[in-house]
Amino acid sequence: MKHHVHYLFLFLVGIFGLHAQAPVAHYTFTGNAKDESVFKNHASVNDARLTADRFGWANSAFSFDGKQSTITAPEAPQLQSNFTTVSFWVNVRSLPAQGEVYLLSHGGWQERWKISLPAHGKPVFTTHTSSCCNDMDSGGGNELQVNEWRHIVVTHDGITDRMYMNGVQVNEKAYAGNLGHTTHPLGIGYDPIDKGNYFDGQLDEVMIFDVALTAAEILALYTDQSTEPTVATGLVASYHFDGSGKDGSAFKNNATLKNATFTSDRFGFGNSAVLFDGVSSEVSAPNSSSLNSENTTVSLWVKANSLPANGESFILSNGGWQERLKISLPTHGKAVFTTNYSAGISDMDAGDGNDLKVGQWTHLVFVHDGTKNKIYINGELEAEKNVAGTLNETTKDLGIGFNIIDGGNWFDGVLDDVEIYNFALPDLTITALYNAQAQFPGVNSDLVADYSLNGNGDDDSQYRNHAVLNE
27 MKHHVHYLFL FLVGIFGLHA QAPVAHYTFT GNAKDESVFK NHASVNDARL TADRFGWANS
87 AFSFDGKQST ITAPEAPQLQ SNFTTVSFWV NVRSLPAQGE VYLLSHGGWQ ERWKISLPAH
147 GKPVFTTHTS SCCNDMDSGG GNELQVNEWR HIVVTHDGIT DRMYMNGVQV NEKAYAGNLG
207 HTTHPLGIGY DPIDKGNYFD GQLDEVMIFD VALTAAEILA LYTDQSTEPT VATGLVASYH
267 FDGSGKDGSA FKNNATLKNA TFTSDRFGFG NSAVLFDGVS SEVSAPNSSS LNSENTTVSL
327 WVKANSLPAN GESFILSNGG WQERLKISLP THGKAVFTTN YSAGISDMDA GDGNDLKVGQ
387 WTHLVFVHDG TKNKIYINGE LEAEKNVAGT LNETTKDLGI GFNIIDGGNW FDGVLDDVEI
447 YNFALPDLTI TALYNAQAQF PGVNSDLVAD YSLNGNGDDD SQYRNHAVLN E
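For what it's worth, our numbering labels the leading residue of the sequence shown as 27, then goes sequentially.
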């Protein structure tokens with residue numbers, strides 16, 4: 027979860043004075059396994075998957091499968107301190123049937139420390155100083171519960187080992203001496219020494235300090251990290267479809283494509299929009315709390331290759347009619363905006379004379395502002411309906427080009443520049459958005475394709491409509 031990253035040191039300094047310590051490793055897991063500390067000791071990921079964090083923010087924690095998922099950071103001098111604090115968030119999917127799994131390990135019990143999770147569910151902090159070893163679990167009543175996020179902190183101060191859960195100390199044990207040094211890497215979600223003990227669950231916000239934080243500092247850290255950051259008003263998803271399903275917003279709600287292909291956009295630029303075949307093409311992104319605002323604006327460009335023979339096809343679904351909203355295209359060709367809100371369910375189409383034309387690009391914007399639902403076509407307001415209330419939240423994934431909840435309702439056509447905002451854009455802004463996105467972004471030229479055929483089918487013109495060479 028990234029919103030605490032750049033402010034943590036200042037936060038600790040502000041509370042505890044200039045002697046507060048910055049972490050020597052900080053893996054926020056916001057879209058990657060980079061170390062956000064000044065040391066930049068980035069980790070490598072093997073078969074662990076990005077997932078939602080404790081706040082429901084997509085791609086902000088890592089999920090481990092309990093079979094082979096690992097995250098590993100190289101051994102580094104800054105990790106070899108005499109004392110330490112290790113802080114992280116954990117969500118257990120299943121407890122081991124026997125033995126123990128490793129949550130984190132730096133040198134293991136053999137050389138330095140490890141944090142493991144046995145079948146009884148009480149995390150164990152093992153430290154190694156001049157002699158081996160000290161084991162301490164979290165104590166009775168402090169078992170981790172399946173599918174529950176928990177903040178865990180362990181410290182070694184040269185005299186005592188301590189463990190904290192959700193900001194409160196749960197156990198301590200006397201164990202004197204400086205921590206041993208190790209030549210082994212930092213392992214997250216497994217035992218990097220013996221290559222096993224794989225964890226089944228999710229981990230987030232792994233932090234390592236080269237000192238033992240005090241109880242007050244640990245409580246402050248928990249309080250800070252357990253408070254969901256305020257989401258600023260703005261863009262919460264932006265899919266330009268320029269050769270990928272990446273979300274260009276700060277929330278990185280990246281989408282995956284299934285049986286959908288990249289094609290030319292409204293200007294003719296290759297690999298800059300997504301083609302849906304009306305049979306099985308799907309684009310989806312994980313559910314995220316960033317997409318659950320009370321009001322919203324959805325903006326997109328659409329070109330229908332055909333209208334459905336019966337029923338309707340789905341252009342976009344965020345919870346569908348069942349939970350939040352959908353945008354669909356019936357046989358009559360007029361886009362329908364359906365919202366599930368605090369006072370009921372509302373349907374509204376774009377109105378007579380506003381049916382989509384097959385083979386023609388159109389800019390559509392759908393707005394819920396807490397009072398009304400609105401539909402804009404090419405920058406102009408074409409339909410509105412009184413719909414007073416807030417949009418309901420959804421636990422469903424975002425679906426583009428199909429009905430992600432019930433399956434089917436596949437769209438036949440091309441979509442591009444799908445954008446979702448967490449507030450209602452005003453009329454003038456929507457007009458300006460259309461004008462900006464309708465303007466040709468390239469260089470005016472008579473050259474529309476340039477195939478030199480120098481061993482490939484690349485189009486060297488600005489449109490990049492590459493050809494496929496068949497033998």
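Every residue gets a Cβ at the ideal spot worked out from N, C-alpha and C, and that includes glycine.
Rounded separation between residue i and residue j - CA only
i, j, result
"Gly433", "Lys329", "22 angstroms"
"Ser252", "Asp291", "43 angstroms"
"Leu407", "Gly377", "11 angstroms"
"Leu212", "Thr186", "23 angstroms"
"Gly359", "Asn448", "27 angstroms"
"Val196", "Lys66", "32 angstroms"
"Asp484", "Gly296", "11 angstroms"
"Trp347", "Asn461", "31 angstroms"
"His492", "Trp175", "48 angstroms"
"Ala454", "Ser315", "The sequence given here has Leu at residue 454, not Ala. Each residue's alpha carbon lies about 28 angstroms from the other."
"Ala87", "Leu351", "27 angstroms"
Status (buried if at least 16 other CB within 10 Å, exposed otherwise) for residue i
i, result
"Pro122", "buried"
"Lys400", "buried"
"Gly345", "buried"
"Gln228", "buried"
"Pro452", "exposed"
"Asn482", "exposed"
"Gly271", "buried"
"Asp217", "buried"
"Ala414", "exposed"
"Ala74", "buried"
"Asp373", "exposed"
"Thr365", "buried"
"Thr56", "buried"
Distance CB(residue i)-CB(residue j) smaller than 8 angstroms
i, j, result
"Ala69", "Ile219", "no"
"Met189", "Phe151", "yes"
"Ser307", "Asn336", "no"
"Pro149", "Ser131", "no"
"Asn280", "Ala311", "yes"
"Gly134", "Lys140", "yes"
"Phe302", "Leu441", "yes"
"Leu382", "Leu417", "no"
"Ile456", "Gly405", "yes"
"Val237", "Thr111", "yes"
"Gln124", "Ala99", "no"
"Asn72", "Thr54", "no"
Integer Cβ distance of residue i from residue j, believed to fall under 8 angstroms
i, j, result
"Ile234", "Val50", "6 angstroms"
"Gly92", "Phe225", "6 angstroms"
"His182", "Phe114", "Contact flag wrong, Cβ pair sits at about 15 angstroms."
"His389", "Gln465", "Rounded, the Cβ-Cβ distance is 12 angstroms, inconsistent with contact."
"Gly206", "Gly184", "Incorrect: roughly 13 angstroms between the Cβ atoms, too far for contact."
"Phe428", "Phe340", "6 angstroms"
"Asn435", "Glu349", "The Cβ separation is near 16 angstroms, so there is no contact."
In DSSP terms, what residue i is bridged to
i, result
"Phe363", "Ile353 and Met374"
"Val444", "Tyr265"
"Glu308", "Lys284"
"Cys158", "His154"
"Asp302", "Just to set this straight, residue 302 is Phe in the shown sequence, not Asp. Answer is Gly439, bridged to Phe302."
"Pro144", "Glu126"
"Ala99", "Leu212"
"Tyr402", "Val391 and Leu407"
"His52", "Met233"
"Leu245", "DSSP, once it has assigned bridges, lists no residue as partnering Leu245."
Cβ-heavy atom distance, residue i to the ligand FAD, below 7 angstroms
i, result
"Phe90", "This structure does not include the ligand FAD; it has no bound ligands of any sort."
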